[in-house]
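Engineer: According to the numbering used here, the sequence shown is numbered sequentially starting from 5.
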Amino acid sequence: LKGLRCLDIGASTGGFTDCMLQNGAASVLAVDVGHDQLADVLRSDPRVIVREGTDLRDLPPESDGLPAEFASCDVSFISLKQIIPLLPALLTDSAQAILLVKPQFEAGRQALNKNGIVRDEKVRQQVLRDIRNFAALHGFIPLHDCPSPIQGGSGNTEYLLHLQLRQTPDEAHL
Numbered sequence: 005l006k007g008l009r010c011l012d013i014g015a016s017t018g019g020f021t022d023c024m025l026q027n028g029a030a031s032v033l034a035v036d037v038g039h040d041q042l043a044d045v046l047r048s049d050p051r052v053i054v055r056e057g058t059d060l061r062d063l064p065p066e067s068d069g070l071p072a073e074f075a076s077c078d079v080s081f082i083s084l085k086q087i088i089p090l091l092p093a094l095l096t097d098s099a100q101a102i103l104l105v106k107p108q109f110e111a112g113r114q115a116l117n118k119n120g121i122v123r124d125e126k127v128r129q130q131v132l133r134d135i136r137n138f139a140a141l142h143g144f145i146p147l148h149d150c151p152s153p154i155q156g157g158s159g160n161t162e163y164l165l166h167l168q169l170r171q172t173p174d175e176a177h178l
């Protein structure tokens with residue numbers, strides 16, 4: 005990430021923002037719908053552009069820090085299918101992204117147990133396939149995925165999905 009302009013979608017307290025800075029990011033545009041969550045040390049860092057109270061769907065592509073060369077996305081209570089179509093307008097050609105796939109927000113209520121956990125591995129894998137395919141339809145090449153080493157809220161298994169934007173969405177393959 006050395007020298008790259010980065011975008012942190014769902015920045016919250018700034019875990020991904022901090023990771024990007026530690027890995028040499030030139031700047032990070034930290035976007036979150038919430039307020040006053042970003043750690044003070046990150047908020048005061050001149051490399052961090054804070055956009056709190058901002059829904060990504062309302063972020064103009066000409067915003068400071070854009071287009072980004074790398075993005076992370078860790079959002080809750082919204083499907084990645086509402087985020088992925090927005091990304092090409094916010095990223096440079098061939099930009100890469102890491103998305104946190106949260107089956108509990110993708111699979112539907114019928115797939116959740118009473119504690120809000122997706123226990124069925126087949127359902128989790130189907131969600132991951134669906135998001136990979138959806139990303140490919142929107143111009144991304146799925147490069148890699150793996151279970152997140154950190155469990156989600158309530159103990160849900162979540163996945164890190166590494167994508168690269170193709171220069172022309174028409175070239176995407178499933």
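Cβ coordinates follow ideal geometry from the N, Cα and C atoms, glycine included.
Using only CA atoms, which one of 102, 107, 114, 39 lies nearest to residue 11?
Structural biologist: 102
Engineer: I'd like to confirm the pairing. Which residues does DSSP put opposite residue 100 in its beta bridges?
Structural biologist: 74, 168
Engineer: Got a sec? Which residues, its chain only, sit under 7 Å from residue 9 by beta carbon, not counting five neighbours each side?
Structural biologist: 30, 31, 69, 72, 73
Engineer: Taking only the alpha-carbon atoms, compute the straight-line gap between residue 90 and residue 52 and give it to the nearest angstrom.
Structural biologist: 21 Å
Engineer: In whole angstroms, what is the alpha-carbon distance linking residue 182 and residue 48?
Structural biologist: Past the edges of the chain, shown from 5 to 178, lies residue 182, and the structure says nothing about it.
Engineer: Smallest Cα separation from residue 104: which of 6, 7, 19?
Structural biologist: 19
Engineer: What is the DSSP secondary structure of residue 34, reduced to helix, strand or coil?
Structural biologist: strand
Engineer: Taking only heavy atoms of the ligand HEM into account, decide whether any of them is closer than 8 Å to the Cβ of residue 42.
Structural biologist: The ligand HEM is absent from the structure shown, which contains no ligand whatsoever.
Engineer: Report the option in 125, 144, 94, 98 whose CA atom is closest to the CA atom of residue 33.
Structural biologist: Nearest C-alpha to residue 33: 94.
Engineer: When DSSP labels each residue in this structure, what does residue 130 get in the three-state scheme?
Structural biologist: Three-state result, residue 130: helix.
Engineer: How many angstroms separate the CA atom of residue 63 from the CA atom of residue 153?
Structural biologist: 30 Å
Engineer: Could you spell out where the alpha helix (DSSP H) holding residue 92 opens and where it closes?
Structural biologist: 91-94
Engineer: Rounded to whole angstroms, what is the Cα-Cα separation between residue 65 and residue 88?
Structural biologist: 14 Å
Engineer: By DSSP's criteria, residue 56 is part of a beta bridge. Which residues make up the other side?
Structural biologist: For residue 56, which the question treats as bridged, DSSP gives the partners 36.
Engineer: Can you give me the C-alpha to C-alpha distance between residue 56 and residue 122, rounded to a whole angstrom?
Structural biologist: The C-alpha of residue 122 is placed about 30 Å away from the C-alpha of residue 56.
Engineer: Is residue 149 closer than 9 Å to residue 184 when the C-beta atoms are compared?
Structural biologist: Any property of residue 184 remains undetermined from this structure, which presents the chain solely from 5 to 178.
Engineer: Checking 9 Å against the spacing of the C-beta atoms, do residue 54 and residue 15 come in under that value?
Structural biologist: yes
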